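In UniProt numbering, the protein residues as written are 1 to 148. The beta-carbon is built from N, C-alpha and C at its ideal position, and this holds for glycine as well. Since the model is a prediction, treat every value here as computed from it, not as a measurement. The next block holds one structure in the form of structure tokens; read it before the comments.
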């Protein structure tokens, strides 16, 4: 999935102005802070080529809507991610209600990275332990065969 979210405030303004003048564009409105929404639109097919398998998906996290272009086959995964991240952001919002949207999302990203990194370390530890177990089992089998 690719993010088509502008980086600077000037780009945001230019994008919003472009969106508002495009008759095929969808008006993006923020939803309530406690909800996560995902709506999809197909890119219009202007010629006779097959329609691309990319759809514009408007996701809402902590009450703010973001346009994302997502491959069709990844939409369910995107929906799942949106609901997980939105729930996580709402839990953070409960603990720190005065955080700005930007600070909330930064904190959310940092906490989620910490979780991902901890899972990766756990996976590496399990892999090392599995390798040690395999080596020990092979040594036991070799020792058992030498006795027989």
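- In the structure shown, residue 98 adopts coil according to DSSP, grouped into three states.
- In the DSSP assignment, residue 57 falls within the unbroken beta strand (DSSP E) covering 54-61.
- Closest in alpha carbon position to residue 53, among 118, 103, 72 and 135, is 72.
- The criterion of a C-beta distance shorter than 8 Å is not satisfied by residue 85 and residue 70.
- In this chain, the beta strand (DSSP E) harbouring residue 64 covers 64-71.
- Residue 148 carries a coil assignment under DSSP once its states are collapsed to helix, strand and coil.
- Each residue's CA atom was taken as its position, placing residue 140 and residue 146 some 10 Å apart.
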